[in-house]
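Take 96 as the starting number for the sequence shown in our numbering and just add one per residue. The beta carbon of each residue, even a glycine, is placed where N, CA and C say it ideally should be. Since this is a predicted model, take the numbers as computed values, not measurements. Notes follow once the structure below has been shown.
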Amino acid sequence: MGQSQRAAIVGLSGPALSADEQLMLAETPPLGIILFKRNIQNKPQLIDLVRAIRQCAPGMLLMVDQEGGRVARLRPPDWLEHPPAAALGGLYARDPAAGRRAAFLTGALIGADCATAGFDVVCAPVLDLSVQGADAVIGDRAYASEPAVVAVLAAETANGLLAAGMQPVGKHAPGHGRAGVDSHLALPELDDVDEADLAPFRANAWLPWMMTAHILYRRLDPLQPATLSQTVLQDVVRQRVGFNNVLVSDDLSMHAVSGDPGLLAAAALSAGCDVALHCSGVLAETRAVLQAVPVPAVAAAARLAAAARLAGGRTQPLDVPAMVAERAALFG
Numbered sequence: 096m097g098q099s100q101r102a103a104i105v106g107l108s109g110p111a112l113s114a115d116e117q118l119m120l121a122e123t124p125p126l127g128i129i130l131f132k133r134n135i136q137n138k139p140q141l142i143d144l145v146r147a148i149r150q151c152a153p154g155m156l157l158m159v160d161q162e163g164g165r166v167a168r169l170r171p172p173d174w175l176e177h178p179p180a181a182a183l184g185g186l187y188a189r190d191p192a193a194g195r196r197a198a199f200l201t202g203a204l205i206g207a208d209c210a211t212a213g214f215d216v217v218c219a220p221v222l223d224l225s226v227q228g229a230d231a232v233i234g235d236r237a238y239a240s241e242p243a244v245v246a247v248l249a250a251e252t253a254n255g256l257l258a259a260g261m262q263p264v265g266k267h268a269p270g271h272g273r274a275g276v277d278s279h280l281a282l283p284e285l286d287d288v289d290e291a292d293l294a295p296f297r298a299n300a301w302l303p304w305m306m307t308a309h310i311l312y313r314r315l316d317p318l319q320p321a322t323l324s325q326t327v328l329q330d331v332v333r334q335r336v337g338f339n340n341v342l343v344s345d346d347l348s349m350h351a352v353s354g355d356p357g358l359l360a361a362a363a364l365s366a367g368c369d370v371a372l373h374c375s376g377v378l379a380e381t382r383a384v385l386q387a388v389p390v391p392a393v394a395a396a397a398r399l400a401a402a403a404r405l406a407g408g409r410t411q412p413l414d415v416p417a418m419v420a421e422r423a424a425l426f427g
């Protein structure tokens, strides 16, 4: 991590760095870049984009949402297709040993794809529960409705990602599964945090990264969603969950939160996030975020360094073709 990097991870507008983006990254370098479908056309193009980012701002982290299923930025034919979390949960229900192994293999294979593409941080696994009657934004992204099953399969997936050298991000703390609306579109509101929702996060408090939830908990903080609430982040995520590693906000350009992008980013850091995430790729918004946030605080910098060491220490050689065949056999 460079000494001048701001405590933010930001998006880009398209499949190549514009001249304005190159200047912005050089003048106000973020901690990292997150890439989306709009940034990824094929493998040769992505290689060129990653090279350009690295040349512009050496040491910058590259992040991607790659859960498997419908949330995947790297897709065939250039990359593997991976099952959604719910398919792993279904296999676990039939054969727990097979489900655990398939979760590890899926994490490792996702990690291998991401590693070869140049990424450092993967936004997976999802620690949210599948909750009947909730909005479908989580849906099959959840492993199961039972907290213990979610905890086990998320841990296996995270260990697979670590084996490939990736830093996994558990999401969305303190739990998004009960939300009645999609936080991409509006702000979900709940009365309080449910203890069942906390259980997978508590069991996986060792993860190097976690991402916050844009959910308002009326009894805890009637004014601010979890991402912007010191009460929720400190009392629930840090204390009740026991998470002491890197905490990154969910995307601050989602409609669940509103306001000046720079002020939102600063508020997320003030509430207790180590890193503000802003994904729109709109240049003016990104500039506002990078101008508003400081370099990571000493504690945050230490947590980021520990996350990188954890991934480096867990990396192992992977036989990708053999793992693909083994996973296929587990699903029969």
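The beta carbon of residue 177 is closer than 6 Å to those of 163, 201, 205 in its chain, skipping five residues each way along the sequence. In the displayed model, residue 307 falls within a strand according to three-state DSSP. By alpha-carbon distance to residue 353, the top candidate from 141, 339, 281, 246 is 281.
Annotation: the continuous beta strand (DSSP E) that includes residue 262 extends over 262-268. In the DSSP annotation of this structure, residue 371 is not part of any alpha helix (DSSP H); the continuous beta strand (DSSP E) holding it starts and ends at 371-373. A distance below 6 Å between beta-carbons, with the five flanking residues on each side excluded, links residue 328 to the following residues of its chain, in chain order: 366, 367. Residue state for residue 106 is assigned as strand, using DSSP reduced to three classes.
Secondary structure of residue 237 (DSSP, three-state): coil.
A direct Cα-to-Cα measurement between residue 314 and residue 332 gives close to 16 Å. Under DSSP, residue 320 takes part in no beta bridge, so it has no partner.
With respect to the 8 Å criterion, residue 222 and residue 295 are classified as neighbours on the basis of their beta carbons. Collapsing the DSSP output to three states places residue 280 in coil.
With 16 or more other CB atoms across the displayed protein chains lying within 10 angstroms of its CB, residue 278 is buried.
The shortest C-alpha to C-alpha distance from residue 383 to any of 114, 125, 172, 99 is the one to 125. Here residue 101 is bridged, per DSSP, to 125. Looking from the CA of residue 230, the closest CA among 273, 143, 408, 258 belongs to 273.
Here residue 399 is buried, its C-beta having at least 16 other C-beta atoms within 10 Å. Rounded to the nearest whole angstrom, the C-alpha separation of residue 248 and residue 394 is 30 Å.
In this structure, residue 127 lies near residue 156, with their beta-carbon atoms less than 8 Å apart. Looking at the backbone, the Cα of residue 427 and that of residue 192 are separated by about 14 Å.
The DSSP-derived three-state label of residue 163 is strand. Taking a 10 Å sphere around the C-beta of residue 132, we find fewer than 16 other C-beta atoms and assign the residue as exposed.
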